[in-house]
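Since the structure comes first, as structure tokens, the remarks are kept for the end.
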Amino acid sequence: MIQTTLCYLERDGQYLMLHRVKKEGDLNRDKWIGVGGKFEEGESPEDCALREVREETGLRMVDYAYRGIVTFVSDRWPGEHMHLFHCRSFEGTLAACDEGELAWIDKSALLALPLWEGDKIFLRLLETETPFFSLKLRYQGDRLAKAVLNGRALPLQP
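Numbering (the numbering used here), first residue to last: -10 to 147.
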């Protein structure tokens, strides 16, 4: 399983989102996601989140929370364990990202963006301050086929 991090930086009712439009062959192409990436050798989830946020945004996380683990299973892509972080305190100056366009998006407008269906689930979990969770998302192609939160199947939106 690939090990990755994803972090949602928050300020004034907005999340910093990355519109993935720059990398060829990107499985997230044209989607809006948080910032993060793959672990490097010897990194902990926190090490990876701190490094990826710094590399992709120029910002340094000061106060952040490790919120959950999301397991992705797909008939198209390798399996992935994504370690999810939420950050409300950071410093530095926002820099351009070589993987896409960064933008502060009102949380109320997030679900209207082109997101993965499973991302909508964990964004709701972040918003409701759900304690540390394990979420398993099974995709068939680009379609979310199954979601399991803490061992219990979730109903999927039609």
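Backbone N, C-alpha and C fix where the C-beta goes; we use that ideal spot for every residue, glycine too. Model, not experiment: these values are computed from the prediction.
Three-state secondary structure assigned by DSSP to residue i
i      : result
Asp52  : strand
Phe122 : strand
Ala98  : helix
Phe28  : coil
Gly107 : helix
Glu90  : strand
Arg127 : strand
Leu133 : strand
Whether residue i touches residue j by CB criterion (7 Å)
i       : j      : result
His8    : Glu116 : no
Phe121  : Leu114 : no
Glu(-1) : Arg127 : no
Gly107  : Leu145 : no
Lys135  : Gly2   : no
Arg43   : Arg49  : yes
Where residue i falls, given that 16 or more other Cβ within 10 Å makes a residue buried
i        : result
Val59    : buried
Thr(-6)  : buried
Leu5     : buried
Met(-10) : exposed
Leu100   : exposed
Run of the alpha helix (DSSP H) containing residue i, from where it starts to where it stops
i      : result
Gly140 : Unbroken run through Gly140: none, as it is neither H nor E.
Leu39  : Pro34 to Thr46
Residue i versus residue j: straight-line alpha-carbon distance, rounded
i       : j      : result
Gln(-8) : Gly31  : 12 Å
Tyr55   : Glu35  : 8 Å
Thr82   : Phe111 : 27 Å
Start-to-end residues for the beta strand (DSSP E) that takes in residue i
i     : result
Glu69 : Glu69 to Glu80
Arg0  : Ile(-9) to Arg0
Leu5  : Gln3 to His8
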